[in-house]
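These protein sequences, in sequence, are chains A and B. Going by our numbering, the residue at position 41 of the first sequence is 41; the numbering climbs one at a time, nothing skipped. Going by our numbering, the residue at position 24 of the second sequence is 24; the numbering climbs one at a time, nothing skipped. We put the CB at the ideal spot given by N, CA and C, even for glycine. Quick caveat, the model's predicted, so the values are computed rather than measured. Below: the structure, in structure tokens.
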Amino acid sequence: DAGVIQSPRHEVTEMGQEVTLRCKPISGHNSLFWYRQTMMRGLELLIYFNNNVPIDDSGMPEDRFSAKMPNASFSTLKIQPSEPRDSAVYFCASSLAPGLAGERAKNIQYFGAGTRLSVL
Amino acid sequence: AQSVTQPDIHITVSEGASLELRCNYSYGATPYLFWYVQSPGQGLQLLLKYFSGDTLVQGIKGFEAEFKRSQSSFNLRKPSVHWSDAAEYFCAVLNTGFQKLVFGTGTRLLVSP
Chain A
1 DAGVIQSPRH EVTEMGQEVT LRCKPISGHN SLFWYRQTMM RGLELLIYFN
51 NNVPIDDSGM PEDRFSAKMP NASFSTLKIQ PSEPRDSAVY FCASSLAPGL
101 AGERAKNIQY FGAGTRLSVL
Chain B
1 AQSVTQPDIH ITVSEGASLE LRCNYSYGAT PYLFWYVQSP GQGLQLLLKY
51 FSGDTLVQGI KGFEAEFKRS QSSFNLRKPS VHWSDAAEYF CAVLNTGFQK
101 LVFGTGTRLL VSP
């Protein structure tokens, strides 16, 4: 299995531009997570999906951020307009969602290599 | 709310020496705990996990961790550190919804020759 695939690996953009980050989860996984990692705040969960449906977006910092999962094999995280404080490493992770109470063992999250975003 | 504390920001260990990274959690029920490692420029790789049963769990790369309920701890250990172990290590707990991971702030391990 190729694992979770994120693109691009690095993105440099200017303030005000739109940025789109992409993620392909592990085949067969039905949960997808977007995280942001910064020195100041560490690893933060932004949003996660189960079966392509957003379940919890309480970590999305503001309306400039949006995420979609049009199908089971693809998700995007968009920032529009981007600001310098959005500079961070963005990770995508996928897992098998627990289908029944007690099936926690399924919920092991596998991470992609991340996208390092620099907004100038 | 669940939380994870990793009290050591940096640790330096000589190659060949033993290692222990500390992790304390706050959780109202039986926690599901994880250790991940992040090498420079890489994503997070799962080292080991604790769900139930034996409180000493074995992981990859020669790592192990011990769950101690009385101390709310899940410390990571390795008997002999290799230079390739230099990385950042994250402890995490799964929340009551069984899907959201709450991470500690990480411990950066430096290995000296």
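Label A:M15 either buried or exposed according to how many other C-beta atoms from any shown protein chain fall within 10 Å of its C-beta, with 16 as the threshold for buried. Label assigned to A:M15: exposed.
Look up A:R85 in the DSSP assignment and say whether it is helix, strand or coil. DSSP places A:R85 in helix when its eight states are reduced to three.
Counting contacts by CB-CB distance shorter than 7 angstroms, is A:A88 in contact with chain B? Under the Cβ distance rule, A:A88 does not count among the residues neighbouring chain B, no pair being separated by less than 7 angstroms.
Report, in whole angstroms, the separation of the C-beta atoms of A:V12 and A:S118, which I expect to be a contact under 8 angstroms. Contact flag correct, Cβ pair sits at about 5 angstroms.
Helix, strand or coil for A:A101? Go by DSSP, reduced to three states. Residue confidence for A:A101 is low, a pLDDT of 49 falling below 50, so the modelled location carries little weight; the figure read from the coordinates is stated next. Of the three classes helix, strand and coil, the one that applies to A:A101 here is coil, per DSSP.
Proximity of A:Q37 and A:V4 at Cβ, strictly below 7 angstroms: No, the Cβ-Cβ distance between A:Q37 and A:V4 is not below 7 angstroms.
Taking C-beta to C-beta, are B:G104 and B:Q42 nearer than 7 angstroms? No. Outside cutoff.
Measure the C-alpha to C-alpha separation of A:S7 and A:P25 and round it to an integer number of angstroms. Distance between the alpha carbons of A:S7 and A:P25 is about 12 angstroms.
For A:A101, collect the residues of the same chain with a Cβ closer than 7 angstroms to its Cβ; drop the 5 residues on either side in sequence, then sort them by chain order. With a pLDDT of only 49 at A:A101, under 50, the local geometry of the prediction cannot be trusted, and no value is derived from it.
Using a Cβ-Cβ cut-off of 7 angstroms, state whether A:N107 counts as contacting chain B. The beta carbon of A:N107 falls within 7 angstroms of a beta carbon belonging to chain B, placing the residue at that interface.
Coil, strand or helix - B:D85 by DSSP: Here B:D85 sits in helix by DSSP.
Just mark A:Q109 as buried or exposed, buried being the case when its beta carbon has 16 or more other beta carbons within 10 Å. A:Q109 should be labelled buried.
Any chain A beta carbon closer than 7 angstroms to B:G59: Not flagged as an interface residue toward chain A: B:G59, since no C-beta distance is shorter than 7 angstroms.
With distance defined between alpha-carbon atoms, name the residue in B:G106, B:L76, B:K78 and B:E15 nearest to A:L44. Strictly speaking, residue 44 of chain A in this sequence is Glu, with Leu absent from that position. Among B:G106, B:L76, B:K78 and B:E15, the Cα nearest to that of A:E44 belongs to B:G106.
State buried or exposed for B:P31, treating a residue as buried only when at least 16 other CB atoms are found within 10 Å of its CB. With 16 or more neighbouring CB atoms inside 10 Å of its own CB, B:P31 falls in the buried class.
Under 7 angstroms between C-beta atoms, does B:Q2 make it to chain A? Cβ-Cβ to chain A under 7 angstroms: no for B:Q2.
Run the CB neighbour count on A:W34, radius 10 Å, all protein chains shown included, and call it buried at 16 or more, exposed below. Within 10 angstroms of the beta-carbon of A:W34 lie 16 or more other beta-carbons, which makes it buried.
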